[in-house]
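Trainee:
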Amino acid sequence: MMTKADVLLGLQWGDEGKGKIVDVLTPHYDLIARFQGGPNAGHSLEFEGVKHVLHTIPSGIFHPDKMNLIGNGVVIDPIILAREIQKLAEKGVRVQDNLSISRKAHLILPTHRVLDAASEAAKGHAKIGSTLKGIGPTYMDKTGRNGLRVGDTEAHDFYARYEFLRNKHIELIRLYEFDDFNLPDMEKEWFDAIQAIQSIPRCDSEYEVNSYLGQNKNVLAEGAQGTLLDIDFGSYPFVTSSNTIAAGACTGLGIAPNRIGEVYGIFKAYCTRVGSGPFPTELFDETGERMRQIGKEFGSTTGRPRRCGWLDIPALKYATMINGVTRLIMMKADVLDQFNKIQVCTAYKINGKLIEHIPFESKDITIEPIYTEMNGWNTDLTALNNIEQLPDAFLKYVHFIEQQVGVPIFILSVGPDRKQTIMRHAL
Ligand code: GDP
Ligand code: IMO
Ligand code: MG
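Numbers in our numbering are just positions in the sequence shown, counted from 1, shifted up by 563.
Shown next as structure tokens:
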């Protein structure tokens, strides 16, 4: 019998705490593989008093005996990857030994970044709030069959192919009347970085992953962003350009759907969103500001303040359905430690009607969240490390969510450190 690959992904708008939990779960796995997204991701993890932020490299990298893979579904900016490798080297982590890259992963060109900026500038108030890492334009070239892939860097005509695509981009940038960039400098840095990342082994990752599964080794697919930013099921057009959902692990790594095992769905005990787009439970008041300050809700990639609001159960149920979540993980409950009352949105009211599904269009309509009020726990959860110590009011919150969503919460995270993690069930 072949083992199945487990998937861990975000159920909200990203930044749920995927990096931390992948690091915590890595001892149970042999291979950690990113399947989509790119340097728009910022995955943080913390141990021994130091916080690390990863953008392209999987979050299993701090475990030297475990392999990490950047899958075909990921888009790579060599500059950012080379910088990540350098930073890790300074910390004594030699990634050459336990990281490999899919030859089929697409490259983010300097002009993809420029196109991202030009496109956002042209949208004005309707901008997506992109991280400006060139994600959208790179995936457009991938599906438009114009992209350059990691494996292409070894081809004799790589530079000619690069020039052909770059020249096309320059024409497009001209249409946008955008000139705020210095291409020669960007290109030099990019080609230097292409050289720098040659030290990382490349592979045909679909064979690699399936070979692990064939040998009964354990594989964890690490998602980036979150379900509500999915290109198909997120709040389009305020989404990213990849499939962030469980199905993305199949296409982004070459894992057959019947070889997917557990799906870990990770969510915060409240909600955050960075960038534009609908957010029904968003708080514009002092409570939202408190969440932002206590939760340190500022982007790991861009430093932008994150929008904050209460937990949204209809959205959580939707994400659980789309992904086939089998195990939930709740993060950052400690941020609510000092809140006397906690609201949970269980339905929406639109045009006077109560609904529990996610509406097709949420841009020009008013969505009123319907809340259930719960008591806060007024306890410092960060100091607790086993389930017996958890206060009753907190357990009520946990049970309420489980009952609403219909999936057990396996892991509770009560602080950013690896150790601040409470397992409720054996994995
Ligand atoms: P990711 O993109 O899903 O990996 O999440 P990010 O790393 O972008 O954002 C999560 C942030 O919350 C990081 O700064 C983490 O260090 C921090 N964090 C993770 N889990 C917890 C938790 O349980 N409690 C608190 N207070 N912070 C946490
Ligand atoms: P992790 O993996 C939170 C958001 C951006 C913007 C939209 C599109 O750390 O959870 P893009 O750069 O992809 O064109 O931006 O998606 N976004 C994220 N928000 N966490 C992320 O990643 C994100 N990656 C993209 O803010 O609204
Ligand atoms: Mg993040």
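Glycine residues also receive a C-beta, built at the ideal position from the N, C-alpha and C atoms.
Quick check on Leu917: buried or exposed, where buried means 16 or more other Cβ atoms within 10 Å of its Cβ?
Mentor: One-based indexing of the sequence shown puts residue 917 at position 354. By the neighbour-count rule (16 or more Cβ atoms within 10 Å), Leu917 is not buried but exposed.
Trainee: Is the region 832-850 in contact with the region 568-583, if contact means three or more CB pairs nearer than 8 Å?
Mentor: Judged by Cβ distances under 8 Å, the region 832-850 makes contact with the region 568-583, as three or more pairs qualify.
Trainee: Looking only at DSSP bridge pairs, what is Gln906 linked to?
Mentor: What you label residue 906 is simply residue 343 of the sequence shown in a count that begins at 1. The partner list for Gln906 (beta bridge, DSSP) reads Glu936.
Trainee: Starting from the Cα of Glu991, find the closest Cα among Leu990, Lys982, Cys813, Val638 and give me that residue.
Mentor: There is no way to answer for residue 991, as the model of the chain reaches only from 564 to 990.
Trainee: Say the cut is 7 Å; is the CB of Trp576 nearer than that to a heavy atom of ligand 2?
Mentor: The residue you call residue 576 lines up with position 13 of the sequence shown. Answer for Trp576: yes, Cβ within range of ligand 2.
Trainee: Ligand 1 heavy atoms versus the CB of Asp793: any closer than 7 Å?
Mentor: Position 230 of the sequence shown, counting from 1, holds the residue named residue 793. Incorrect: Asp793 has no Cβ contact closer than 7 Å to ligand 1.
Trainee: Alpha helix (DSSP H) containing Glu734: first to last residue?
Mentor: Within the sequence shown, the letter at position 171 stands for residue 734. Looking at the DSSP string, the run of the alpha helix (DSSP H) that includes Glu734 is 721-738.
Trainee: Out of Pro877, Asp875, Lys859, Ser663, which has the shortest C-alpha to C-alpha gap to Arg869?
Mentor: Against the sequence shown, residue 869 aligns to sequence position 306. Selected option, being the one with the closest Cα: Lys859.
Trainee: Less than 7 Å between the CB of Ala604 and some heavy atom of ligand 1, yes or no?
Mentor: For the purposes of this step, residue 604 is identified with residue 41 of the sequence shown, where counting begins at 1. Result yes, Cβ under 7 Å from ligand 1.
Trainee: Leaving out five residues on either side along the sequence, give the residues of the same chain with a beta carbon under 6 Å from the beta carbon of Gly697.
Mentor: For the purposes of this step, residue 697 is identified with residue 134 of the sequence shown, where counting begins at 1. So the list reads Ile671, His675, Arg676, Asp679, once near-sequence residues are dropped.
Trainee: So, helix, strand or coil for Glu752, using DSSP?
Mentor: As a working note, residue 752 is residue 189 in the sequence shown. If DSSP states are grouped into helix, strand and coil, Glu752 belongs with the helices.
Trainee: Using DSSP's beta-bridge definition, name the partner residues of Tyr827.
Mentor: Counted from its first residue, the sequence shown places residue 827 at position 264. Bridge partners of Tyr827: Leu571, Arg890.
Trainee: Buried or exposed, going by whether 16 or more other CB atoms sit within 10 Å of the CB of Phe957?
Mentor: Residue mapping note: residue 957 aligns to position 394 of the sequence shown, counting from 1. Buried: at least 16 other Cβ atoms inside 10 Å.
Trainee: Let's see if you can read the secondary structure: which residues bound the alpha helix (DSSP H) around His962?
Mentor: Within the sequence shown, numbered from 1, the residue matching residue 962 stands at position 399. That run of the alpha helix (DSSP H) goes 955-968.
Trainee: State buried or exposed for Asp848, treating a residue as buried only when at least 16 other CB atoms are found within 10 Å of its CB.
Mentor: Translated into positions along the sequence shown, residue 848 becomes position 285. By the neighbour-count rule (16 or more Cβ atoms within 10 Å), Asp848 is not buried but exposed.
Trainee: When burial is assigned at 16 or more other CB atoms within 10 Å of the CB, is Ala668 buried or exposed?
Mentor: On the sequence shown, position 105 is the one that residue 668 refers to. It counts as buried.
Trainee: Could you give the distance in angstroms between the alpha-carbon of Thr694 and the alpha-carbon of Met749?
Mentor: For this step, residue 694 is matched to residue 131 along the sequence shown. For this step, residue 749 is matched to residue 186 along the sequence shown. Straight-line Cα distance between these residues: approximately 18 Å.
Trainee: Around the Cβ of Gly655, are there at least 16 other Cβ atoms within 10 angstroms (buried) or fewer (exposed)?
Mentor: The sequence position of residue 655 within the sequence shown is 92, counting from 1. So Gly655 ends up on the exposed side.
Trainee: When we look at the beta-carbon of Asp897 and count the other beta-carbons within 10 Å, is it buried (16 or more) or exposed?
Mentor: On the sequence shown, position 334 is the one that residue 897 refers to. Buried.
Trainee: Could you tell me which residues DSSP puts in a beta bridge with Val637?
Mentor: Indexing the sequence shown from 1 puts residue 637 at position 74. Val637 pairs with Gly600.
Trainee: Judging by CA-CA distance, which residue of Asn709, Gly600, His719, Phe830 is the nearest neighbour of His732?
Mentor: Residue mapping note: residue 732 aligns to position 169 of the sequence shown, counting from 1. Cα-wise, what sits closest to His732 is Asn709.
Trainee: Quick check on the burial criterion: 16 or more other C-beta atoms within 10 angstroms. Buried or exposed for Thr706?
Mentor: By one-based count along the sequence shown, residue 706 stands at place 143. When all chains shown are included, Thr706 counts as exposed.
Trainee: Less than 8 Å between the C-beta atoms of Ser607 and Lys614, yes or no?
Mentor: Sequence index remark: in the sequence shown, residue 607 carries index 44 (1-based). Sequence index remark: in the sequence shown, residue 614 carries index 51 (1-based). Their beta carbons are under 8 Å apart, which means Ser607 touches Lys614 by this criterion.
Trainee: With distance defined between alpha-carbon atoms, name the residue in Val907, Ile760, Asp927 nearest to Asn914.
Mentor: Position 351 of the sequence shown, counted from the start, is the residue given in the question as residue 914. Measuring from the Cα of Asn914, the nearest candidate turns out to be Asp927.
Trainee: Can you tell which of Ile876, Glu717, Leu588 has the C-alpha that lies nearest to the C-alpha of Cys908?
Mentor: On the sequence shown, position 345 is the one that residue 908 refers to. Ranking the options by Cα distance to Cys908, first place goes to Ile876.
Trainee: For Asp640, tell me which candidate among Pro800, Asn603, Leu662 has the shortest Cα-Cα distance.
Mentor: Within the sequence shown, residue 640 is the residue found at index 77, counting from 1. Considering only alpha carbons, the answer is Asn603.
Trainee: Please indicate yes or no: does the CB of Ser839 lie closer than 7 Å to some heavy atom of ligand 3?
Mentor: Counted from its first residue, the sequence shown places residue 839 at position 276. Ser839 Cβ: outside cutoff for every heavy atom of ligand 3.
Trainee: I believe Ala812 touches Ala784 by the beta-carbon criterion, under 8 Å. Please report the beta-carbon distance rounded to the nearest angstrom.
Mentor: Position 249 of the sequence shown, counted from the first residue, corresponds to residue 812. Position 221 of the sequence shown, counted from the first residue, corresponds to residue 784. Contact holds; Cβ gap of about 4 Å.
Trainee: At a threshold of 7 Å, does Pro641 count as lining ligand 1 (C-beta to nearest heavy atom)?
Mentor: One-based indexing of the sequence shown puts residue 641 at position 78. The answer is no for Pro641.
Trainee: Can you tell me whether DSSP reads His988 as helix, strand or coil?
Mentor: Translated into positions along the sequence shown, residue 988 becomes position 425. Residue state, collapsed to three classes: coil.
Trainee: Please name the residue, chosen from Val782, Ser663, His962, that lies closest to Asp569 on a Cα-to-Cα basis.
Mentor: Taking the first residue of the sequence shown as position 1, residue 569 is located at position 6. The shortest Cα separation from Asp569 among Val782, Ser663, His962 belongs to Val782.
Trainee: One question on the structure: do Lys567 and Arg822 come within less than 8 Å of each other, judged by their Cβ atoms?
Mentor: As a position in the sequence shown, residue 567 is number 4, starting the count at 1. As a position in the sequence shown, residue 822 is number 259, starting the count at 1. Against a cut-off of 8 Å, the Cβ pair of Arg822 and Lys567 comes out as a contact.
Trainee: Can you tell me where the beta strand (DSSP E) holding Lys581 begins and where it ends?
Mentor: Here the question's residue 581 lines up with position 18 in the sequence shown. It is not in any beta strand (DSSP E) - Lys581 instead sits in the alpha helix (DSSP H) that spans 581-588.
Trainee: Along the beta strand (DSSP E) that carries Lys916, what are the first and last residues, could you check?
Mentor: For this step, residue 916 is matched to residue 353 along the sequence shown. 916-918 is the extent of the beta strand (DSSP E) around Lys916.
Trainee: What are the start and end residues of the beta strand (DSSP E) that includes His615?
Mentor: Translated into positions along the sequence shown, residue 615 becomes position 52. Taken as a continuous stretch (DSSP letters only), the beta strand (DSSP E) holding His615 covers 613-617.
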